[in-house]
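Engineer: Per this note's numbering: the sequence shown = residues 2 to 183.
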Amino acid sequence: MSQITFVALCGSLRRASMTRMLRATLPELAPEGVRIVDVEIDDLPLFNEDIRAESGTPAPVKALCETIAAADAVVLCSPEYNRMVPGALKNAMDWISTEPGYPMSGKPVSVMTQSPGPRGGNMSNYAWRQVLSVIGAEVVPGPDVSIGLMEDKVADGKLVDEAARKLVSRQLGQLAAWASAG
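1) Can you give me the C-alpha to C-alpha distance between M105 and W96, rounded to a whole angstrom?
2) Considering only the beta carbon of each residue, do V86 and S125 sit closer than 8 Å?
3) Contact between the region 157 to 171 and the region 20 to 35: three or more CB pairs below 8 Å?
4) Using alpha carbons as the reference points, say which of Y82, E41 and P80 lies closest to I69.
5) Note down the Cα distance separating A54 from E100, rounded to an integer number of angstroms.
6) Once DSSP output is grouped into helix, strand and coil, what is the label at P109?
7) Under a three-way DSSP split, which group does Q4 fall into?
8) Rounded to whole angstroms, how far is the Cβ of V169 from the Cβ of L160, which I believe are closer than 8 Å?
9) Using beta-carbon positions only, say whether S79 and G149 come within less than 8 Å of one another.
10) Roughly how many whole angstroms lie between the Cα atoms of E50 and A138?
11) Could you spell out where the alpha helix (DSSP H) holding D39 opens and where it closes?
12) Starting from A72, follow the beta strand (DSSP E) in both directions and report where the run begins and ends.
13) Here's the rule I'm using: 16 or more other beta-carbon atoms within 10 Å means buried, otherwise exposed. How should G183 be labelled?
14) Between L77, L47, P28 and S111, which lies nearest to P142 when the distance is taken from Cα to Cα?
15) Determine, using beta carbons only, whether S181 and I52 come nearer to each other than 8 Å.
16) Would you mind giving the Cβ-Cβ distance between L77 and M19, rounded to the nearest angstrom? I have them listed as a contact below 8 Å.
17) Do you know how far the Cα of L10 is from the Cα of I37?
18) Can you give me the Cβ contacts of L185 inside the same chain, cut-off strictly under 8 Å, excluding the 5 residues immediately before and after it?
19) Based on the DSSP secondary-structure assignment, which residues constitute the bridge partners of T26?
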């Protein structure tokens, strides 16, 4: 397999979040030949079409869309807030979905959620699948990556639980195969 690139987005803006720990673990679990590029979303303005109409697409939005367009696939690492998707990452998707060229359209995507509760963000995972379907992304099939009781599964800023690591690794492998085939 030739080198392929995954953009990894994190739905939590908190620097020490468990979602960031999940994302930080992706490079060591990705198949050989996959490069993970972490992209931050904390400098995106709140979605407002008036901004684009008055002064064009904001530079951080353009940069995000260009990075996604150039990538082979996207990994969304998301917490669950009140059984729903986090606002910051949904805001990013709102900008991306309205950008000319629709950079997420047809893009292979893996959704990985986590929560401190036992359900692992499964409601957020389901909601993301709905959002991504509407904007034309292709969510990798297979078992959901919804990691519950996350506080017990991280150490030193990384995911250390072996069962969770295997689940993440398997889905990254599926995403790589799908991105390579398309």
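The C-beta atom is built at its ideal place from N, Cα and C for all residues, glycine as well.
Structural biologist: Concretely, from the data shown:
1) Take the alpha-carbon of M105 and the one of W96: they are about 11 Å apart.
2) In terms of Cβ geometry, V86 and S125 form a close pair [threshold 8 Å].
3) Touching, yes, given that three or more Cβ pairs across the two stretches are closer than 8 Å.
4) E41
5) 12 Å
6) strand
7) DSSP, read as helix, strand or coil, puts Q4 in coil.
8) 7 Å
9) no
10) So the alpha carbons of these two residues sit roughly 22 Å apart.
11) Note, D39: premise wrong, no alpha helix (DSSP H); beta strand (DSSP E) at V35 to V40.
12) No beta strand (DSSP E) holds A72; DSSP gives it neither H nor E.
13) exposed
14) S111
15) In this structure, S181 sits away from I52, with a CB-CB distance that is not shorter than 8 Å.
16) Going by Cβ atoms, the distance from L77 to M19 rounds to 15 Å, so no, they are not a contact pair.
17) 10 Å
18) Absent from the structure is residue 185, since the part of the chain shown begins at 2 and ends at 183.
19) Answer is none; T26 lacks a bridge partner.
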